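*Asks:*
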Amino acid sequence: MSSPKVLLAFSGGLDTTFCLVYLKEQGYEVHTATVDTGGFSPEEIERIQNLSHSLGAKSHTLINAQNDLFEHYLKFLIFGNVLRGQVYPLSVSAERVCQARSLVTFAKKLGVGALAHGSTGSGNDQVRFDVAFRTLYPEATIHTPIRELSLSRQEEISYLAQHGVNIPAKTGTYSINEGMWGISIGGKETLSSWDFLPESAFPKGAISRQQPAQELHITFEKGVPTQVNHQAMNPVQLIKTLNSLGSSLGLGRGTHLGETILGIKGRISFEAPAAYLLITAHRELEKLVLSGKQLFWKETLGNLYGSLLHEGYFLDPLSRDLESFLGHSQERVTGEVRLKIEPLAFSVLGCRSPFSLMNSQLAQYGESNALWSHTDALGFTKIFGVSQQLHHHVETRHNQES
1421 MSSPKVLLAF
1431 SGGLDTTFCL
1441 VYLKEQGYEV
1451 HTATVDTGGF
1461 SPEEIERIQN
1471 LSHSLGAKSH
1481 TLINAQNDLF
1491 EHYLKFLIFG
1501 NVLRGQVYPL
1511 SVSAERVCQA
1521 RSLVTFAKKL
1531 GVGALAHGST
1541 GSGNDQVRFD
1551 VAFRTLYPEA
1561 TIHTPIRELS
1571 LSRQEEISYL
1581 AQHGVNIPAK
1591 TGTYSINEGM
1601 WGISIGGKET
1611 LSSWDFLPES
1621 AFPKGAISRQ
1631 QPAQELHITF
1641 EKGVPTQVNH
1651 QAMNPVQLIK
1661 TLNSLGSSLG
1671 LGRGTHLGET
1681 ILGIKGRISF
1691 EAPAAYLLIT
1701 AHRELEKLVL
1711 SGKQLFWKET
1721 LGNLYGSLLH
1731 EGYFLDPLSR
1741 DLESFLGHSQ
1751 ERVTGEVRLK
1761 IEPLAFSVLG
1771 CRSPFSLMNS
1781 QLAQYGESNA
1791 LWSHTDALGF
1801 TKIFGVSQQL
1811 HHHVETRHNQ
1821 ES
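Counting from 1, position 264 in the sequence shown corresponds to residue 1684 in the working numbering; the numbering is continuous, with no gaps.
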């Protein structure tokens, strides 16, 4: 009688390494798949494949989902200028949903009726994976060894050591997830609301403050980034270029404290240079070309879209409605943004667009204009304040009578 088959989402880290060894020990025929959403070097991809085979996986497959990640997730996070809690660029959230959908497609193709992932029972990823798996592949069985056994990281390390698998010390100290939209880092410092990760915990370590400042130009066409310093690139290449440039300066580093899907407070550190640079530049360009009402509702609905993606509601039809709105809002978000970047800091210098609503020939704020006369301005200010005057009059009369 053949062993039951299971497809394991495999990153080659501590949790998924444990899952592979454990599921095999339980009698499963384990197939592994790594969904590449960026962040993997050729050497790392080879290491993961070799590790899977050495641990006894029946097969291992690399799924390149970088273009899919941008086109169906990151693009809309840029359109919506999404930063959760005004800080976190949802580096992991988008990738997990993309990975889950890719795994379901591959599992059906492979003819595997069971899926497994290495999420714990106290994090957000378990929700994202489980919801996507159950929605897109309801007949599949889901295995979650780490959650089911309630294991600590040290218990996983000890179990693997007993099976002849040794985990490097750094892997046991920090949990690092690296992808195209950024790197998230969890460790003992993020378990409290007070401590902060040392610079050595970030992939590039401590950053030299002696590096000179430089100017960076980012070009957008209908909201999509298309050029860096006037060099045309596809979105994936462009994001990788900005990540490489930004990480050398320590840009996009931070720590986010907020609500988890489970209702408890959570904290995560991150480094997301491309996300920070692109969202900052894109937001500035939108200020130039969109109306005030558009900007107001974009901020509101962009935050809602980010919440749906973060909290495991990406497959709700409301997400598609919001994507339609965000996509349509980008029709005139075309232009170039100038930034100054330096170690651990960056700022916007200026922006320009053929659709600019800032026209100095017609009007200059606080100076002069050709659109109205001084008597028009006087009449406007009288009418503009009427509702406040009426309220104040009624309030004053009421207080006097009382």
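We put the CB at the ideal spot given by N, CA and C, even for glycine.
This structure is a prediction, so every number in the text was calculated from the model and none was measured.
Do you know how far the Cα of L1777 is from the Cα of A1783?
*Replies:* Per-residue confidence for A1783 stands at a pLDDT of 49, beneath the threshold of 50, marking its modelled position as unreliable; the derived number appears in the next sentence. Looking at the two C-alpha atoms, the distance is approximately 11 Å.
*Asks:* G1538 and C1439 look like a contact to me (Cβ under 8 Å); what is the Cβ gap, rounded to whole Å?
*Replies:* 5 Å
*Asks:* Please state the DSSP three-state secondary structure of T1801.
*Replies:* helix
*Asks:* What ranges does the beta strand (DSSP E) occupy inside the stretch 1714–1799, keeping only unbroken runs of at least 3 residues that lie completely in it?
*Replies:* Qualifying beta strand (DSSP E) stretches, in chain order: 1755–1762, 1765–1772.
*Asks:* My assumption, with CB atoms under 8 Å, is that T1700 sits in contact with V1768. Please give the rounded CB distance.
*Replies:* 6 Å
*Asks:* Would you mind stating whether I1761 and L1669 have Cβ atoms separated by less than 8 Å?
*Replies:* yes
*Asks:* Going by DSSP, what residue range makes up the beta strand (DSSP E) through H1637?
*Replies:* Note, H1637: beta strand (DSSP E), 1634–1641.
*Asks:* Would you mind reading off the limits of the alpha helix (DSSP H) that contains S1513?
*Replies:* 1511–1530
*Asks:* Rounded to a whole number of angstroms, what is the C-alpha to C-alpha distance between S1479 and H1676?
*Replies:* Straight-line Cα distance between these residues: approximately 37 Å.
*Asks:* Please state whether the Cβ-Cβ distance between L1535 and V1426 is less than 8 Å.
*Replies:* yes
*Asks:* Where do the N-terminal and C-terminal ends of the beta strand (DSSP E) with G1674 fall, by residue?
*Replies:* 1673–1679 is the span of the beta strand (DSSP E), which, as asked, contains G1674.
*Asks:* Is the beta carbon of H1702 sitting closer than 8 Å to the one on I1498?
*Replies:* yes
*Asks:* Note down, one range per segment and in chain order, each alpha helix (DSSP H) of at least 4 residues found wholly within the stretch 1537–1593.
*Replies:* 1545–1556, 1565–1569, 1573–1582, 1589–1593
*Asks:* What number of angstroms, rounded off, separates the C-alpha of Q1582 from the C-alpha of V1753?
*Replies:* Cα to Cα, the separation comes out at about 57 Å.
*Asks:* Quick check on DSSP: helix, strand or coil for I1483?
*Replies:* strand
*Asks:* Could you tell me which of V1441, L1636, L1617, N1470 sits nearest to R1758, measuring between CA atoms?
*Replies:* L1636
*Asks:* Using the rule of at least 16 other Cβ atoms within 10 Å of the residue's Cβ for burial, across every protein chain shown, is F1460 buried or exposed?
*Replies:* Burial state of F1460 is buried, judged by a 10 Å Cβ sphere holding 16 or more other Cβ atoms.
*Asks:* Going by beta carbon distance, what residues of the same chain come within less than 7 Å of T1593, once the five residues before and after it are set aside?
*Replies:* Closer than 7 Å at Cβ, skipping near neighbours: G1607.
*Asks:* Find the nearest neighbour of A1485 within the set L1530, G1500, R1516, S1423, judged by alpha-carbon distance.
*Replies:* R1516
*Asks:* Are R1521 and A1560 closer than 8 Å when you measure CB to CB?
*Replies:* No; because the gap between Cβ atoms is not below 8 Å, this pair is not in contact.
*Asks:* Terminal residues of the continuous beta strand (DSSP E) containing T1700?
*Replies:* T1700 -> not in any beta strand (DSSP E); alpha helix (DSSP H) instead, spanning 1693–1709.
*Asks:* Roughly how many angstroms lie between the CA atoms of S1570 and R1673, to the nearest whole one?
*Replies:* 31 Å
*Asks:* On the criterion of 16 or more Cβ atoms from any shown chain inside 10 Å, does R1629 qualify as buried, or is it exposed?
*Replies:* exposed
*Asks:* Just to confirm before moving on: does the CB-CB distance between Q1631 and P1462 stay below 8 Å?
*Replies:* no
*Asks:* With DSSP as the reference, label P1645 as helix, strand or coil.
*Replies:* strand
*Asks:* Does the Cβ of A1626 have 16 or more other Cβ atoms within 10 Å, making it buried, or fewer, making it exposed?
*Replies:* exposed
*Asks:* Give the straight-line distance between the Cα atoms of M1600 and Y1725, rounded to the nearest whole angstrom.
*Replies:* 20 Å
*Asks:* Measuring only the C-alpha atoms, how far is K1802 from G1643?
*Replies:* 39 Å
*Asks:* Can you pull the DSSP bridge partners for H1451?
*Replies:* L1427, S1479
*Asks:* Could you check whether G1732 and N1501 sit closer than 8 Å to each other, using their CB atoms as the reference points?
*Replies:* no
*Asks:* Using C-beta distances below 6 Å, list every residue in its chain close to G1533, excluding the 5 sequence neighbours before and after it, in chain order.
*Replies:* Taken in chain order, the residues that qualify are A1560.
*Asks:* Which residues in the same chain have their Cβ closer than 8 Å to the Cβ of R1772, if we skip the five residues on either side of it in sequence?
*Replies:* L1708, G1755, E1756
*Asks:* Can you tell which of L1665, S1689, N1649 has the C-alpha that lies nearest to the C-alpha of W1614?
*Replies:* S1689
*Asks:* Does the Cβ of R1467 have 16 or more other Cβ atoms within 10 Å, making it buried, or fewer, making it exposed?
*Replies:* Exposed, because fewer than 16 other Cβ atoms sit within 10 Å of the Cβ of R1467.
*Asks:* Would the beta-carbon of D1687 fall within 8 Å of that of T1610?
*Replies:* Reading off the sequence, residue 1687 comes out as Arg, not Asp. Yes, the Cβ-Cβ distance between R1687 and T1610 is below 8 Å.
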